[in-house]
Amino acid sequence: MFTGSIVAIVTPMYPDGRVDYGALEKLVEFHVINKTDAIVAVGTTGESATLDYEEHRQVIRKVVEFADGRLPVIAGTGSNSTLEALKLTHWAAEDGAQACLLVTPYYNKPTQEGLYQHYKLIAESVDIPQILYNVPGRTGVDLLPETVERLSKIDNISGIKEASTLERMDVLLDKLDEGFSVWTGEDGLACEAILRGAKGVISVSANVAPLQMHKMTQAAMAGDREKAESLNGEISELHRLLFIEANPIPAKWILKEMGKIQGGIRLPLMSLDKQYHLTMQDLIAKLP
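In the working numbering, the protein residues as written are 371 to 658.
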């Protein structure tokens, strides 16, 4: 299973909102060169909520094509509609993704049994490794450890991206069998989470500082606390400022300033507010 720094890659867009596949190819190459360990295509950071079906499928296809076996591709295929998530997961399997990442159904607030049945149906219907994704701050629902433990018994549900607290990470790491992987979805907690036993981080910061994230996660997985914390300290401000407005607004703005992408982002999200531009420019200048 995937370990280390897994980038939740942005979906580059032209100023009019069309997907920029040329820039996407260059971003994938940027991650290959800078030792990113895997890519999540069309996750939350990839603006999954505002890509239509064909765009969603095409971005995943293109990331698989551009990666060309040089690093694994995990497809974001979650939805608050079980049938939609099932369709997206089928497509990702057909199109060559190595695994799928499925966010908890958002807004409709299912019960724990509803969450269990949602994930169970998809896992039993599509033969591809599947990763649960719990991010209660964005979805309005919390996938509880007891439900995760039940789901971990299903063969092709292979791990969870937990985007909440270190305390929850500790509970999961204690409760789940060693063969069931736990990744953090919080860059600011990644160093400590990996030192405590997480397999890595599904990262927004890796969009901007991929090599630094790779080095930090490798040191943490090796148990070298001093080195990992030193490397993490160099980008701790990045972890914070990438959420100064809703993700992926800051990440896309920084990548534009770095010359990696154009500035397109889809409504209802907008480009970074001008009040933060100087702060972000200072950050870019200090990046290792």
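For glycine and all other residues, C-beta sits at the position ideal for the given N, C-alpha and C.
{"Asked": "Rounded Cβ spacing between Ser522 and Asp547 (contact assumed at less than 8 Å)", "Found": "7 Å"}
{"Asked": "Secondary structure of Ser575, DSSP reduced to three states", "Found": "helix"}
{"Asked": "Contact between the stretch 380 to 388 and the stretch 412 to 419 (3+ Cβ pairs under 8 Å)", "Found": "yes"}
{"Asked": "C-alpha distance - Ile564 paired with Ser641, whole-angstrom precision", "Found": "32 Å"}
{"Asked": "Reference Arg538; option with closest CA among Asp594, Gly555, Thr481", "Found": "Gly555"}
{"Asked": "Gly629 burial status per 10 Å Cβ neighbour count (16 or more: buried)", "Found": "exposed"}
{"Asked": "For Leu502 and Leu485, the rounded distance between their alpha carbons", "Found": "10 Å"}
{"Asked": "Rounded straight-line distance, which links the Cα of Leu472 to that of Ala445", "Found": "9 Å"}
{"Asked": "Proximal residues to Phe436 (C-beta, below 6 Å), its chain only, five neighbours per side dropped", "Found": "Glu395, Val398"}
{"Asked": "Ranges of the alpha helix (DSSP H) found wholly within the stretch 516 to 582, counting only runs of at least 4", "Found": "536 to 545, 557 to 565"}
{"Asked": "Thr373 versus Val433: straight-line alpha-carbon distance, rounded", "Found": "19 Å"}
{"Asked": "Closest residue to Gln500 among Asp594, Gly567, Ile524, Ser451 (Cα-Cα distance)", "Found": "Ile524"}
{"Asked": "Neighbourhood of Glu604 by C-beta, 6 Å cutoff - its chain only, sequence neighbours within 5 removed", "Found": "Pro658"}
{"Asked": "For Met383: DSSP bridge partner residues", "Found": "Val389"}
{"Asked": "Straight-line gap, Ile492 to Ala655 (C-alpha atoms, nearest Å)", "Found": "45 Å"}
{"Asked": "For Ile376, the three-state DSSP class (helix, strand or coil)", "Found": "strand"}
{"Asked": "Cβ shell of Val552 (< 7 Å), same chain only, five flanking positions each side left out", "Found": "Gly529, Ile530, Glu532, Met539, Leu542, Leu543, Leu546, Ala568, Lys569"}
{"Asked": "Pro480 to Arg440 span [Cα, whole Å]", "Found": "38 Å"}
{"Asked": "Helix, strand or coil at Gly507 according to DSSP, with G and I counted as helix", "Found": "helix"}
{"Asked": "Pair within 8 Å by beta-carbon distance, Cys561 and Met586", "Found": "yes"}
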